[in-house]
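S.K.: Numbering (numbering that gives the first Met the number 0), first residue to last: 0 to 160. For glycine and all other residues, C-beta sits at the position ideal for the given N, C-alpha and C. All values derive from a computational prediction rather than experimental measurement.
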Amino acid sequence: MILELISNSPEETQQLGHKIGGLLKPGDWIGLTGELGAGKTCLTQGIAQGAGVAASVPVTSPTFIIHQTYPGRIDLYHLDLYRLSSFEELHEIGYLELVTGDGACVVEWFEKIKEAVPDQGLVISLEIVDEKERSISVSGIGKRGGDLVGGLKELLYPSTG
Ligand SMILES: Nc1ncnc2c1ncn2[C@@H]1O[C@H](COP(=O)(O)OP(=O)(O)OP(=O)(O)O)[C@@H](O)[C@H]1O
Ligand SMILES: [Mg+2]
């Protein structure tokens, strides 16, 4: 199941993230793809809010840190693999422990580790249309991914009756 969406502002992208974050359960995994400045971190900020991370916790992609944990309703593990130099480095940062941990994972530039994509979760691709517009596609992987897309669809377009 795939949802195709348009965002017209950073706030709209964060609101979408907020909805996704509210659906997350321990063990969930989200891969984000899109060029520099597409809005992956912006979406992650909303996901963090929705996962119950305090608004005072800064959600950024710092230059030399590949992984950060934000405590929330469930812990959110935020990874940015842009600077990942080798697949082995994934083991060094404890990726396998994170994926099987009690929190949910959000992975920017996940396409660098296609080999390590789980069989359940969401893949969200962001494309720059123009300065403020982003085309966002949300696809589910496996049963849990389908449930998440279904849950998001219900939040975006509540069925009447
Ligand atoms: N509709 C939109 N959604 C998200 N961001 C937007 C939108 N319109 C403009 N922007 C701007 O685009 C930029 C997105 O930056 P962000 O850091 O989220 O991108 P990124 O995909 O994480 O990039 P990087 O690969 O460098 O980490 C921000 O400056 C934001 O204000
Ligand atoms: Mg980023």
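By alpha-carbon positions, which one of THR12, LEU22, ASN7, GLY16 ends up nearest to GLY149?
M.R.: Among THR12, LEU22, ASN7, GLY16, the Cα nearest to that of GLY149 is on LEU22.
S.K.: Is DSSP giving ALA103 helix, strand or coil here?
M.R.: Here ALA103 sits in strand by DSSP.
S.K.: Whether or not the region 118-134 and the region 20-35 are in contact is what I'm after, with contact meaning three or more pairs of Cβ atoms, one per stretch, closer than 8 angstroms; do they touch?
M.R.: Enough Cβ pairs lie closer than 8 angstroms, so yes.
S.K.: If you draw a straight line from the C-alpha of SER138 to the C-alpha of LEU147, how long is it?
M.R.: About 9 angstroms.
S.K.: In the region 5-40, which residue ranges form an unbroken beta strand (DSSP E) of at least 3 residues, counting only runs that do not cross its ends?
M.R.: Here the runs fully enclosed are 28-32.
S.K.: Straight-line CA distance for GLU56 to GLY26?
M.R.: Just to set this straight, residue 56 is Val in the shown sequence, not Glu. So the two alpha carbons sit approximately 21 angstroms from each other.
S.K.: Between the alpha carbons of THR99 and THR12, how many angstroms are there, rounded?
M.R.: Approximately 28 angstroms between the Cα atoms of the pair.
S.K.: Could you say which of ILE1, VAL105, HIS90, TYR81 lies nearest to GLN44 if we only look at CA atoms?
M.R.: Ranking the options by Cα distance to GLN44, first place goes to VAL105.
S.K.: Thinking just about the alpha-carbon of each residue, which of LEU15, MET0, GLY144, GLY38 is nearest to the one in ASP129?
M.R.: Closest option to ASP129, Cα to Cα, is GLY38.
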